[in-house]
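Scroll down for the structure; my scribbles are underneath it.
Protein chains in written order, with our numbering: chain G, 1081 to 1248; chain X, 132 to 400.
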């Protein structure tokens, strides 16, 4: 029992990070993580003993998000892309934009692309693990990743255009 | 330079962005990028964005785990919940399936004679009434998901029951939806919707999968609690409240009609 708790608790910081990136609301992100942990506890015996715990938990959380949370997501990110970056000093404008806005820009991607970027780029899952968590054919991961990053780039490009116009 | 660099594929560039290319291939890719400034710039931007995203989320990762997510606390809450559930044996939820049969109407009759009730109807009534007793008395957590999240609640329960459900409108009787919960029921799930009136009087609507072709309303009275239950198209329904048979009957009929779709009192929202 204590061992299970220790195993699960090790994963909570990463689960919270993923939940927050999806929901962009601290309270609701913790609600999602709580759901995930409750489900994990209730299904503990059903988990493949040789399977990877972290991937299993992320798959649960992602599925819960898809089925129960996404439709309730609060509309709109708290901070609009081009407004938030304004205080940056002009010399650092580009860096500020690229750095500051990726999380907000992520919101404009379809959930699958968003999750893929988070699982691979932030959570350091292997491409195979990410594919399994997301239920996508392993052979398509790289092309989808490429598309997601391309999309992210173009969103930030658009944001920069807007910003430069406003700064002028 | 063996000409291999010309064959560098997009997926390798993605792996490069993720820092997952090593050894000789890494050298080849970097040589390729050195010769293709447009690709180099694009890949560099993707890397910066990847790093930026990680950086933005670093603080979240570093936060201490709030007590509500401590496993011991989650376990404690689960145990309490399971205690209630085991006590209830099965719970009663009321949900309504959209579009239940109109054929039922033809055969619709009130049947209070226990001899005529099929076991399935009886079981539904008993489960519903057990769940009613457990959860109606609950002060702190009468429902699992409250009515502020009605859409979420109904979607969730519909999914678990395998039948689209709507919450019947009981406003004409002075009852307002409080919320609902999911309950165990045999091998499957049951749903309980709870309503209350301005005085705090509560009633529940319970739905679960059930076999049988019983089409009559079955009435059951236990202590102060009355239940009307029926089976329709693979699902059992029950309406339970601390009401007399005559008070509860019109409510049960409204619930039934709410499910029947179309002809019955259109919901005013």
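Just so it is clear, CB atoms sit at the ideal spot from N, CA and C, and this is done for glycine as well.
With a threshold of 16 other CB atoms inside 10 Å of the CB of residue i, please say whether the residue is buried or exposed.
i, result
"residue 300 of chain X", "buried"
"residue 183 of chain X", "buried"
"residue 1091 of chain G", "buried"
"residue 1126 of chain G", "exposed"
"residue 334 of chain X", "buried"
"residue 1220 of chain G", "exposed"
"residue 1181 of chain G", "buried"
"residue 318 of chain X", "exposed"
"residue 1110 of chain G", "buried"
"residue 273 of chain X", "buried"
"residue 316 of chain X", "buried"
"residue 158 of chain X", "exposed"
"residue 1116 of chain G", "buried"
Please report the distance separating the alpha-carbon of residue i from that of residue j.
i, j, result
"residue 297 of chain X", "residue 337 of chain X", "12 Å"
"residue 1145 of chain G", "residue 143 of chain X", "31 Å"
"residue 1103 of chain G", "residue 1128 of chain G", "29 Å"
"residue 1198 of chain G", "residue 202 of chain X", "25 Å"
"residue 194 of chain X", "residue 1206 of chain G", "25 Å"
"residue 306 of chain X", "residue 1212 of chain G", "46 Å"
"residue 371 of chain X", "residue 363 of chain X", "17 Å"
"residue 176 of chain X", "residue 185 of chain X", "14 Å"
"residue 1166 of chain G", "residue 179 of chain X", "Residue confidence for residue 1166 of chain G is low, a pLDDT of 37 falling below 50, so the modelled location carries little weight and cannot support an answer."
"residue 1208 of chain G", "residue 271 of chain X", "44 Å"
"residue 401 of chain X", "residue 320 of chain X", "The requested residue 401 of chain X does not occur in the structure, where chain X is confined to residues 132 to 400."
"residue 1105 of chain G", "residue 1112 of chain G", "11 Å"
"residue 220 of chain X", "residue 314 of chain X", "Any reading at residue 220 of chain X must be qualified, since the residue scores a pLDDT of 39, below 50, and its modelled position is unreliable; no value is offered."
"residue 1148 of chain G", "residue 283 of chain X", "7 Å"
"residue 1227 of chain G", "residue 1141 of chain G", "24 Å"
"residue 385 of chain X", "residue 361 of chain X", "13 Å"
"residue 1133 of chain G", "residue 387 of chain X", "46 Å"
"residue 267 of chain X", "residue 288 of chain X", "19 Å"
"residue 112 of chain X", "residue 322 of chain X", "There is simply no residue 112 of chain X to check, as chain X begins at 132 and stops at 400 in what is shown."
"residue 294 of chain X", "residue 168 of chain X", "57 Å"
"residue 1131 of chain G", "residue 1087 of chain G", "13 Å"
State yes or no: is the beta carbon of residue i nearer than 8 Å to at least one beta carbon in chain G?
i, result
"residue 180 of chain X", "yes"
"residue 148 of chain X", "yes"
"residue 192 of chain X", "yes"
"residue 355 of chain X", "no"
"residue 184 of chain X", "yes"
"residue 222 of chain X", "Low confidence applies here, because residue 222 of chain X scores a pLDDT of 37, under 50, leaving its location unreliable and the question unanswered by this model."
"residue 167 of chain X", "no"
"residue 323 of chain X", "no"
"residue 290 of chain X", "yes"
"residue 283 of chain X", "yes"
"residue 94 of chain X", "Residue 94 of chain X lies beyond the residue range present for chain X, which begins at 132 and ends at 400; the question has no answer from this structure."
"residue 145 of chain X", "yes"
"residue 315 of chain X", "no"
Is there a Cβ from chain X that is less than 8 Å from the Cβ of residue i?
i, result
"residue 1201 of chain G", "yes"
"residue 1153 of chain G", "Reliability fails at residue 1153 of chain G, whose pLDDT of 48 lies under 50, so the model's placement of it is uncertain and no value is given."
"residue 1195 of chain G", "no"
"residue 1085 of chain G", "yes"
"residue 1158 of chain G", "Because the pLDDT of residue 1158 of chain G is 38, which lies under 50, any placement of that residue in the model is unreliable, and the question is left without a value."
"residue 1097 of chain G", "yes"
"residue 1148 of chain G", "yes"
Using a Cβ cut-off of 7 Å, pull out every chain G residue sitting near residue i, in sequence order please.
i, result
"residue 197 of chain X", "1110"
"residue 177 of chain X", "1229, 1233"
Interface residues of chain X around residue i at Cβ under 7 Å?
i, result
"residue 1092 of chain G", "196, 200"
"residue 1212 of chain G", "Result: empty, since nearest Cβ-Cβ is about 17 Å, beyond 7 Å."
"residue 1114 of chain G", "199, 200, 205"
"residue 1189 of chain G", "Result: empty, since nearest Cβ-Cβ is about 12 Å, beyond 7 Å."
Could you work out which residues of chain G lie near residue i, taking near to mean beta carbons separated by less than 9 Å?
i, result
"residue 278 of chain X", "What residue 278 of chain X touches in chain G: nothing, since even the nearest Cβ is about 14 Å away."
"residue 141 of chain X", "1222, 1223, 1226"
So which residues on chain X does residue i lean against when the C-beta distance must stay under 8 Å?
i, result
"residue 1089 of chain G", "196, 201, 202"
"residue 1100 of chain G", "188, 191"
So residue i contacts chain X; which residues on that side make the cut at Cβ distance below 9 Å?
i, result
"residue 1121 of chain G", "202, 205, 206, 209"
Worksheet entry | Inter-stretch contact (C-beta, 8 Å, three-pair minimum) for the region 253 to 264 of chain X and the region 363 to 376 of chain X | Verdict: yes, contact present.
Worksheet item: Is the region 378 to 385 of chain X touching the region 256 to 276 of chain X, taking contact as three or more C-beta pairs under 8 Å?
Response: Fewer than three beta-carbon pairs drawn from the region 378 to 385 of chain X and the region 256 to 276 of chain X are found closer than 8 Å, and the two stretches are therefore not classed as touching.
Fill in: Three or more C-beta pairs below 8 Å linking the region 1198 to 1212 of chain G and the region 1087 to 1101 of chain G
Flag = yes, the region 1198 to 1212 of chain G and the region 1087 to 1101 of chain G touch.
Discussion item. Whether or not the region 325 to 334 of chain X and the region 346 to 353 of chain X are in contact is what I'm after, with contact meaning three or more pairs of Cβ atoms, one per stretch, closer than 8 Å; do they touch?
Written reply: The way I'd put it, the region 346 to 353 of chain X doesn't touch the region 325 to 334 of chain X; fewer than three beta-carbon pairs between them come closer than 8 Å.
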